[in-house]
Structure formats: structure tokens, C-alpha cells
Amino acid sequence: MSMTIATDQIDRIVWNQHHDPFEVLGPHKIENNGKSTWVVRAYQPNAESVSVVLPEKRQEYPMQSVHNPHFFECNIDIPELSNYQLRIKEGEHERIIYDPYAFKSPKLTEFDIHLFAEGNHHRIYEKLGAHLMTVDGVKGVYFAVWAPNARNVSVLGTFNNWDGRQHQMRRTGNGVWELFIPDLGVNTLYKYEIKNPHGHIYEKSDPYGFQQEVRPKTSSIVTDLDDYTWGDSDWMEERRNTDPLNKPVSVYELHLGSWLHASSEEPAKLPNGETEPVVITSELNPGGRFLTYRELAHTLIPYVKELGFTHIELLPVAEHPFDGSWGYQVTGYYAATSRFGTPQDFMYFVDQCHQNGIGVLVDWVPGHFPKDGHGLAFFDGTHLYEHADPRKGEHKEWGTLVFNYGRNEVRNFLVANALFWFDKFHIDGMRVDAVASMLYLNYLRKDGEWVANQYGGHEHIEAADFLRQVNHCVFSYFPGTISVAEESTSWPMVSWPTYVGGLGFNLKWNMGWMHDMLDYFSLDPWFRQFHQNNVTFSIMYHYSENFMLALSHDEVVHCKSSIIGKMPGPTDDPNHWQKFASVRALFSYMYAHPGKKTLFMGMEFGQWNEWNVWSDLEWQLLQYEEHQKLKKFMSEVNALYRSEPALYTQDFNQEGFSWIDCNDNNHSVVSFIRRDKESDDFLVIVCNFTPQPHSHYRIGVPEPGFYTELFNSDSYEFGGSNMGNLGGKWTDEWWFHNYPYSVELCLPPLGVLYLKLDREKTQAAFQVDAVEVQEAEAV
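First residue of the sequence shown? That's 1 in full-length UniProt numbering, and the numbers climb one at a time after it.
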């Protein structure tokens with residue numbers, strides 16, 4: 001037969017160099033002397049013979065090899081040609097497929113391309129990546145990837161024996177490559193083969209892929225994120241109409257891979273200090289395994305409910321290749337890690353959290369990404385997602401690369417990714433990692449190793465604009481959610497709205513409070529009198545931002561010791577009463593201090609060792625009474641926090657806090673008031689940060705009456721000495737601390753008291769007094 005196409009076009013297909021294989025392959029209508037016929041071309045590099053099959057007509061047309069033994073074409077003399085198939089014979093094997101190049105309807109519209117190019121396609125994840133769809137009645141998977149500097153791109157997979165010659169993609173607008181491949185479905189493994197202009201080949205996971213293989217494998221997996229039926233509609237509706245800044249927020253931060261492992265032969269069990277502890281291997285090995293998302297739903301959630309936390313915060317759950325990175329070096333930004341199950345399994349976990357009244361936050365890492373070959377680094381043979389200049393594009397100390405926030409498509413990738421987790425997985429908030437590293441061009445860089453901005457400063461203007469865009473979009477689409485910045489510098493207005501020039505977060509970790517308090521509590525109690533400012537200084541700047549008080553994973557690794565290990569105390573004391581009492585005092589002060597709360601796993605029962613990502617928490621400690629009682633304390637302080645609006649409704653209003661006395665450094669005692677926003681209720685907090693009790697300690701109070709001792713960190717049920725005030729104290733008409741009334745208290749050693757005016761008891765007593773006065777006057 002005569003050739004219907006130039007040989008150089010065929011060669012470009014055979015050599016995998018064509019930017020649009022649809023120009024050559026597939027069906028093409030040919031007009032000849034006013035008559036229309038079809039020519040069908042196919043390139044099958046392993047085929048001995050190929051024929052076109054018309055199932056509806058029950059006809060078959062053999063194809064002839066042209067110019068190349070594996071390039072085939074044939075003429076079909078019919079007016080219309082659709083949904084034909086190819087019968088392919090490869091040795092002793094024969095298969096019938098739909099021709100991918102017969103489906104030319106793109107999923108991406110010109111408007112999609114336009115929005116993506118300007119960085120404003122907020123649901124680009126619904127377009128790029130791998131998507132199940134039906135085209136012309138045929139089911140398959142649509143693939144699309146952004147690689148503007150690639151010479152050509154192919155889809156690799158088990159369906160083509162990872163041969164990049166077979167499914168070459170077409171380049172569309174703005175450097176997006178696409179292809180619909182029929183007959184593929186859920187669980188299909190795939191990658192992209194990308195060639196740069198020099199012919200160098202890169203095999204990449206899908207940046208927008210929804211699932212990846214468990215490391216060390218790196219293929220993406222086709223999945224359907226819309227096939228899970230959610231049961232959290234009540235939670236989502238309530239969240240939409242709620243401001244978390246006016247609600248109690250106490251967060252249990254954890255790493256799913258090291259909270260608890262299970263025996264590979266036994267189902268997971270809930271750690272319980274009241275029974276014999278579960279014996280778990282100390283390191284992940286063939287004798288132990290990760291819990292699945294569904295197992296975690298039935299073990300972790302009851303545990304967190306028992307402790308009384310309002311939220312769970314997960315260290316990054318996006319796919320990452322190295323366990324030791326804790327999840328902070330992400331390669332699959334749109335894929336929940338497969339270590340613990342499928343995306344639908346993670347949806348189930350979040351769903352069950354919501355149905356049990358627990359919110360879910362995830363750590364999000366838009367500041368940097370690793371150099372792994374299958375990831376974003378040098379994605380299309382050029383510095384696409386990162387800066388080309390290492391002075392802007394590399395964190396040398398971390399061995400990672402920095403996103404190019406000035407490039408619209410890169411910024412779009414990240415903005416849409418944040419929205420993706422809220423949209424598809426119903427998360428309630430995100431904690432943005434390493435914000436300081438994003439905001440400063442000279443972060444961890446020596447002079448000469450960084451490039452100033454256009455004004456000569458060290459502020460990363462594009463990164464700040466990106467953060468504003470992310471937060472604006474998150475709160476626009478998902479009101480009632482939380483966005484927390486891990487930001488350790490004095491950058492102004494981090495948690496202020498974007499419309500006044502802020503970065504738009506609604507919370508910021510208070511790193512200053514954390515350092516001051518840990519420094520203070522690590523001191524021998526005698527020396528604390530010289531460092532009273534550590535306890536009180538945070539109030540000086542507290543109202544400049546919406547702060548979250550966090551004792552996080554970073555404070556219990558890298559030879560910093562565990563929280564209880566930081567506490568001083570006699571080394572010959574087998575019960576370590578001072579250490580446990582100091583931990584209770586620290587947590588009690590934390591929950592009374594304005595601001596939302598975050599605690600890392602293991603702190604709640606006094607883990608002695610530093611956190612080890614390779615092993616479990618020290619659950620065996622719960623067989624000992626002092627650790628059980630610390631866990632009991634944590635449950636009680638969370639319950640009190642949630643039940644007393646004075647502790648959370650005015651975290652960020654100056655009317656919600658006032659000192660009674662912050663100057664008694666000789667005794668290392670501070671006292672203050674927390675006030676409710678919606679009522680006249682208030683709590684009086686008194687903290688004694690030394691082991692010396694005080695039996696007659698007087699503080700001023702604003703109103704007369706009986707002050708009930710709601711909470712005492714030195715209670716016997718928490719492992720304390722049970723020194724207290726027998727349920728509460730009446731006030732005296734004794735002016736003290738600039739208040740007209742005062743109360744004389746017994747302050748327990750290393751103890752914190754929460755007191756509340758009992759208005760009913762006070763009113764009843766005053767009525768009795770009034771009657772007695774009337775009777776006396778009558779006499």
C-alpha cells in the first residue's frame with residue numbers, strides 16, 4: 001500500500017520524539033476526489049501483526065507495516081469510524097484493545113489552562129493526575145501532567161510493560177501533556193517517562209497522583225476518591241458555623257507510624273494501663289507492623305476520647321520515601337501514605353474521628369521537598385518546581401529543595417494541595433511546617449549564600465504572598481477550620497487576616513513561651529526565683545498574635561530528653577515525685593494560660609525516653625501507678641478545660657486575662673484570673689512552682705464569697721500529696737492585690753490550683769446572713 005504520511009513523522013513516533021502523537025496515530029479522515037475514507041495508524045513496538053476490529057459491524061481490517069516493522073496502517077472505506085479496536089498479536093499472545101489515539105476529547109479546557117497558568121485553578125487536582133472517566137462509552141483513565149520543558153512524555157505502567165514507546169502523550173496548552181487510555185481502572189500502577197530536549201530520560205511518580213506504592217517502590221496508583229460514603233455531615237455543618245478561636249482546642253499531636261505497632265500475627269489492641277501491657281517489638285521488623293488507618297480508628301480514637309483532647313494532629317501523612325524523615329520530606333503531595341492503607345482507609349479514619357467528636361489536623365509541608373529521583377526534583381529535566389539558583393532553591397542543611405513560589409503553576413500546585421486535603425479528606429485544619437524557612441531568603445544561609453529580594457531585603461516576598469493566598473482560599477472554601485503557623489521569628493501579623501496585610505493564619509505556635517517554660521522548669525526550683533520573667537513574659541506579647549501553646553515532637557528528640565526527663569528532682573527518689581509534680585504543674589499552667597493547646601504523644605503518661613520514630617511509645621510504663629495517675633491527670637485537666645468557658649472563650653482578648661500577682665518571685669508563685677466572654681464567670685489560678693508548700697498564702701479576689709477548689713494538680717488521684725483547701729475557701733473583707741476581698745489558701749508543693757466563685761452557695765450564705773441581721777435588729 002502507498003504511504004499516507006511522511007517517513008520523518010513515522011520516525012519521530014518510533015523514536016519517541018513527537019510532541020503530539022495524535023497527528024500521526026489513530027484514525028484520520030482522508031478526502032480523495034470528493035470521497036471520504038479513513039486511515040488508521042498504530043505503533044506497536046512488540047507486535048508481529050495488527051488489525052482493526054469493528055465490533056458493531058463484525059468486520060476486521062488487517063494493517064500493513066509501513067517504513068518500520070512495528071508501525072502499522074490500513075485504509076477503511078466507511079463514512080464514519082468510532083470505537084474501533086486493535087487486535088494485536090505478539091508472539092504466542094494476542095490481545096484486543098481500544099486505540100488510545102482514537103479518543104481526542106480532552107478533559108482540560110482552555111479555561112482550565114488559563115486559570116492554571118495564572119495560578120488560580122483551585123481544583124486543578126480534578127484535572128491533572130490520573131482520573132477514571134468514560135469517553136464515548138468506553139471506560140478508562142485520563143492522564144495529565146505538567147512538564148513544559150519536556151521534549152515528550154509517555155505513560156508507563158504494568159499495562160504496557162513499562163515501555164514508554166507505547167503510550168506517548170500529547171502536549172496541550174501551557175506544557176500540559178495528556179492521554180486517555182481505555183480499559184484501565186482502579187489499582188493500575190503507572191509513572192511518567194519524561195525526556196528532556198537532550199533525550200535524557202526521567203521516570204517520575206505523578207505529582208498529582210492520589211496514591212503511591214509503599215516505599216521503597218515508587219509507582220503511582222490509580223484510585224477513585226469519590227467512592228467513599230461519608231457519615232460526618234452533622235460535624236461538617238457544625239464546623240462551618242463555628243469559630244474555633246472561641247472554642248476549646250486541645251490537640252494530641254502524634255506520628256501514626258510510632259504511636260503503636262502491632263504483631264504481624266495478632267490484631268492491634270488498645271494500650272491500657274489497667275491490664276497487662278501489650279508486648280510489642282521495640283523496632284519495626286518482620287515481627288511487627290504498622291497499624292492500618294482502620295485499626296487506628298478503633299484504637300487511637302478511644303484513647304484520645306479517654307484523654308479528652310478535642311483534636312488529633314498527625315505528623316505529615318502525605319507520601320514520603322524515608323520513614324526517618326517523620327513525613328517531612330514529601331514526594332506525593334496528593335497521596336495519603338500507603339504505609340497504613342488506602343486513601344479510602346484514611347477517609348474512614350477521619351470520618352470516625354468526626355463521628356466521635358474529634359477534629360483532625362495534618363502537618364503540611366510547603367516549604368521544601370526532597371531530591372529523590374522519582375519526585376518533583378528536576379521534574380521535566382529542568383528546575384521546574386524549584387529555583388535553578390541553589391542560593392534560592394536549596395536547603396543545604398536539610399538536603400532538600402525550595403519551591404519556586406514566584407512561578408504561578410508551582411504556587412497553584414501548593415494552593416490546590418492545601419484545599420485538596422480539606423475537600424477530599426474532610427480535615428479540620430493544617431499546621432504549616434517551617435514557615436520561618438519560607439519567609440526569609442537567608443534562613444540557615446551564610447553571607448554570600450543567599451540572594452536579596454528586589455528591595456535589597458531578606459524577606460521572601462513571593463513566599464509571603466503565597467501563604468496569604470493559601471489561607472485566604474482555605475477560609476473562603478472551608479470556614480470554621482484551623483490554619484496554624486509554625487513560625488519562630490518576629491515576622492509581624494502572622495495570624496492576622498490577609499485583608500489587613502497579615503499572613504492569614506488564625507493561629508501561630510508560641511515558640512517563645514515554649515522555650516521560656518522549658519528553660520524555667522528545667523531549673524532546680526531554688527533558682528526559679530531568679531527567672532520569674534520566664535513565666536510572665538509571654539503575656540507581654542500574647543495579644544500581638546493568636547497563639548497556640550505547643551509542646552511538640554521537636555522538644556523530645558535530638559538529645560533534648562523527654563518532658564519528664566527535663567524536670568529536676570532527687571536522683572535517689574524511686575518515685576520521682578518532684579518530676580511528676582513539675583510535669584503536672586507545667587501542664588496545669590499551660591491549660592490556664594491564654595491560647596490553644598498542643599501536646600505530643602507520650603507526654604500524657606510521662607514517657608521517659610525521647611521519641612523514637614522506629615519504635616512504639618513506652619506503653620509498658622502504664623503498669624506503674626505514677627504513670628497511670630499522670631494519664632488520669634491529663635484526662636481531668638482536658639475535661640475541666642472543655643467545661644469551663646473562661647479558659648477558652650477569650651484566649652485572644654485582653655479582657656479574658658488579668659494578673660492578680662506576678663511579682664512574688666521569692667516564692668516562685670503567680671496568680672491570675674481568666675474570664676468568660678458570655679457570662680460573669682471567672683477562674684482564679686494560683687501556681688506554686690517550688691516544692692515548698694505555703695499554708696497561709698493570701699491572694700486578692702474581685703468578688704466576695706466561697707471559692708470552690710475546682711482542680712488541684714497535687715491531688716492524690718494524680719499522684720500528689722493531696723495538700724489543698726478542703727474543697728474551697730471563703731473570702732475575707734481584706735483589701736489585697738488591689739482587690740477589695742482576699743482569700744487565704746494552702747498552696748501545695750509544685751502545685752496549681754483552679755478556683756471558681758460558687759455563686760449559688762455564696763448567695764445562699766448571704767441570704768442567711770441577711771436574715772440573721774434582720775433578726776438581730778428586731779431583738
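No residue lacks a Cβ here, since even glycine has one placed at the ideal position from N, Cα and C.
Along the beta strand (DSSP E) that carries Asp363, what are the first and last residues, could you check? Here residue 363 is taken as the residue at index 363 of the sequence shown, counted from 1. That run of the beta strand (DSSP E) goes Gly359 to Trp364.
Exercise for the section: May I ask you to check if the CB of Lys424 is nearer than 8 angstroms to at least one heavy atom of the ligand PLP? Expected result: By its list of ligands, the structure shown contains no ligand whatsoever, and the ligand PLP lies outside what it can speak to.
query = Can you tell me the Cα-Cα spacing of Asp651 and Glu555, whole angstroms?
reply = Taking the first residue of the sequence shown as 1, we reach residue 651 at position 651. Taking the first residue of the sequence shown as 1, we reach residue 555 at position 555. In a straight line, the C-alpha of Asp651 is about 24 angstroms away from that of Glu555.
Arg165: first and last residue of the uninterrupted beta strand (DSSP E) it sits in
For the purposes of this step, residue 165 is taken as the residue at position 165 of the sequence shown. Per DSSP, Arg165 belongs to no beta strand (DSSP E) and is neither H nor E.
(request) Taking the CB atoms as reference points, tell me whether Tyr84 and Val52 lie closer together than 9 angstroms. (result) Taking the sequence shown and counting its residues from 1, the one referred to as residue 84 is at position 84. Taking the sequence shown and counting its residues from 1, the one referred to as residue 52 is at position 52. Yes; because the gap between Cβ atoms is below 9 angstroms, this pair is in contact.
ask   = Between Leu254 and Gln17, what straight-line distance do the alpha-carbon atoms span, to the nearest angstrom?
value = In the sequence shown, residue 254 corresponds to position 254, counting from 1. In the sequence shown, residue 17 corresponds to position 17, counting from 1. Whole-angstrom Cα-Cα distance: 48 angstroms.
May I have the straight-line CA-CA distance separating Met169 from Pro69, to the nearest angstrom?
-> For the purposes of this step, residue 169 is taken as residue 169 along the sequence shown, with counting starting at 1. For the purposes of this step, residue 69 is taken as residue 69 along the sequence shown, with counting starting at 1. Rounded to the nearest angstrom, the two C-alpha atoms are 22 angstroms apart.
Exercise for review: Any chance you could list the alpha helix (DSSP H) runs of at least 4 consecutive residues sitting entirely within the segment 353-429, in chain order?
Suggested key: 390-393 and 408-425
| query | Looking at the unbroken alpha helix (DSSP H) that takes in Glu237, where does it start and where does it end? | reply | As a first step, residue 237 is located in the sequence shown; it is residue number 237 there, counting from the start. Element bounds for Glu237: Ser233 to Arg240.
From Val138, Lys446 and Asp232, residue whose alpha carbon lies closest to that of Ile358 = Locating residue 358 in the sequence shown gives position 358, where the first residue counts as 1. Checked all of Val138, Lys446 and Asp232; the closest Cα to Ile358 is Asp232.
Exercise. Buried or exposed: which applies to Leu757, given that a residue is buried once 16 or more other Cβ atoms fall within 10 Å of its Cβ?
Worked result: Here residue 757 refers to the residue found at position 757 of the sequence shown. Buried, by the Cβ-count rule.
key: Residue from Phe711, Trp259 and Pro693 whose Cα sits closest to the Cα of Ser615   = The residue you call residue 615 lines up with position 615 of the sequence shown. Comparing Cα-Cα distances from Ser615 to each of Phe711, Trp259 and Pro693, the minimum goes to Trp259.
9 angstroms Cβ cutoff met for Cys473 and His122 = In the sequence shown, the residue the question calls residue 473 occupies position 473. In the sequence shown, the residue the question calls residue 122 occupies position 122. In this structure, His122 lies closer than 9 angstroms to Cys473 by Cβ.
Check each candidate in Trp526, Met517 and Glu545 and name the one with the smallest Cα separation from Asn533.
Within the sequence shown, the letter at position 533 stands for residue 533. Nearest option by C-alpha distance: Met517.
Margin query: Judging by CA-CA distance, which residue of Phe605, Val583 and Gln654 is the nearest neighbour of Met540?
Written below: Within the sequence shown, residue 540 is the residue found at index 540, counting from 1. Nearest of Phe605, Val583 and Gln654 to Met540, Cα basis: Gln654.
- Quick one: Cα of Phe718 to Cα of Leu750, how far? Within the sequence shown, numbered from 1, the residue matching residue 718 stands at position 718. Within the sequence shown, numbered from 1, the residue matching residue 750 stands at position 750. Looking at the two C-alpha atoms, the distance is approximately 13 angstroms.
**Study point:** Through-space distance from Gly288 to Cys662, alpha-carbon basis
**Key:** Residue 662 sits at position 662 when you count from the first residue of the sequence shown. Residue 288 sits at position 288 when you count from the first residue of the sequence shown. Roughly 51 angstroms separates the two Cα atoms.
I'd like the span of the beta strand (DSSP E) that includes Thr708, first residue to last. Your numbering for residue 708 matches position 708 in the sequence shown. Per DSSP, Thr708 belongs to the beta strand (DSSP E) from Phe706 to Asn712.
Item to complete: Within its chain, find whatever has a CB closer than 7 angstroms to the CB of Pro55; leave out the 5 residues flanking it on each side and keep chain order.
Response: Locating residue 55 in the sequence shown gives position 55, where the first residue counts as 1. So the qualifying residues of the chain are Gln85.
With a cut-off of 8 angstroms, do at least 3 Cβ pairs link the segment 735-748 to the segment 695-703? The segment 735-748 makes contact with the segment 695-703: 3 or more CB pairs, one atom from each, lie closer than 8 angstroms.
Practice problem: Would you decide whether Pro62 is buried or exposed? Buried here means 16 or more other CB atoms lie within 10 Å of its CB. | Solution: If you number the sequence shown from 1, residue 62 lands on position 62. Counting other Cβ atoms within 10 Å of its Cβ, Pro62 stays below 16 and is therefore classed as exposed.
Opening and closing residue of the beta strand (DSSP E) in which Leu507 lies: By one-based count along the sequence shown, residue 507 stands at place 507. DSSP places Leu507 inside the beta strand (DSSP E), whose first and last residues are Leu507 to Trp509.
With 16 other Cβ atoms within 10 Å as the buried cut-off, status of Lys597:
Within the sequence shown, residue 597 is the residue found at index 597, counting from 1. Label assigned to Lys597: buried.
Would you list the one or two residues that DSSP bridges to Pro548? The count along the sequence shown starts at 1 and reaches residue 548 at position 548. As written in the sequence, residue 548 is Met, which differs from the Pro given in the question. For Met548, which the question treats as bridged, DSSP gives the partners Trp509 and Lys596.
### Message
So, for Tyr333: in the same chain, excluding its five sequence neighbours on each side, which residues have a beta-carbon less than 6 angstroms away from its beta-carbon?
### Response
Position 333 of the sequence shown, counting from 1, holds the residue named residue 333. Excluding positions up to five away in sequence, the list reads Ala318 and Asn417.
**Asked** Quick check: the segment 352-366 against the segment 443-453, are there 3 or more CB pairs under 8 angstroms?
**Response** Segments in contact, no.
How would you call Cys353, buried or exposed, if buried means at least 16 neighbouring beta carbons within 10 angstroms?
For the purposes of this step, residue 353 is identified with residue 353 of the sequence shown, where counting begins at 1. The residue in question, Cys353, is buried, as its Cβ has 16 or more Cβ neighbours within 10 Å.
*Report, in whole angstroms, the separation of the C-beta atoms of Lys677 and Thr649, which I expect to be a contact under 8 angstroms.*
Position 677 of the sequence shown, counted from the first residue, corresponds to residue 677. Position 649 of the sequence shown, counted from the first residue, corresponds to residue 649. Yes, Lys677 and Thr649 are in contact; Cβ-Cβ is about 4 angstroms, under 8 angstroms.
>> Quick check on Thr762: does DSSP put it in helix, strand or coil?
In response: Taking the first residue of the sequence shown as position 1, residue 762 is located at position 762. Per DSSP, reduced to three states, the secondary structure at Thr762 is helical.
Q. My guess is that Gly308 and Ala639 are in contact by the Cβ rule of under 8 angstroms, so how many angstroms apart are they, rounded?
A. By one-based count along the sequence shown, residue 308 stands at place 308. By one-based count along the sequence shown, residue 639 stands at place 639. Indeed, because the Cβ distance is near 5 angstroms, the residues count as touching under 8 angstroms.
Using CA coordinates, which residue listed in Phe605, Cys559, Leu622 and Val432 is at the minimum distance from Asn612?
For this step, residue 612 is matched to residue 612 along the sequence shown. Measuring from the Cα of Asn612, the nearest candidate turns out to be Cys559.
- Closest by C-alpha distance to Asp99, when choosing among Pro197, His198 and Lys139: Residue 99 sits at position 99 when you count from the first residue of the sequence shown. When only C-alpha atoms are compared, the closest one is Lys139.
- Go through its chain and collect everything with a Cβ distance to Met236's Cβ below 7 angstroms, but skip five positions before and after it. Taking the first residue of the sequence shown as position 1, residue 236 is located at position 236. Around Met236: His426.
Please return the same chain residues whose Cβ sits closer than 8 angstroms to the Cβ of residue 783, not counting the five positions on each side in sequence.
Shown here, the chain extends from 1 to 779; a query on residue 783 therefore has no answer.
Notebook entry, point to check: Mind checking whether Pro594 and Gly656 have CB atoms under 9 angstroms apart?
Noted result: Taking the sequence shown and counting its residues from 1, the one referred to as residue 594 is at position 594. Taking the sequence shown and counting its residues from 1, the one referred to as residue 656 is at position 656. With contacts defined as CB atoms closer than 9 angstroms, Pro594 and Gly656 qualify as a contacting pair.
Do the segment 139-149 and the segment 171-180 touch if we need at least three Cβ pairs shorter than 8 angstroms? yes
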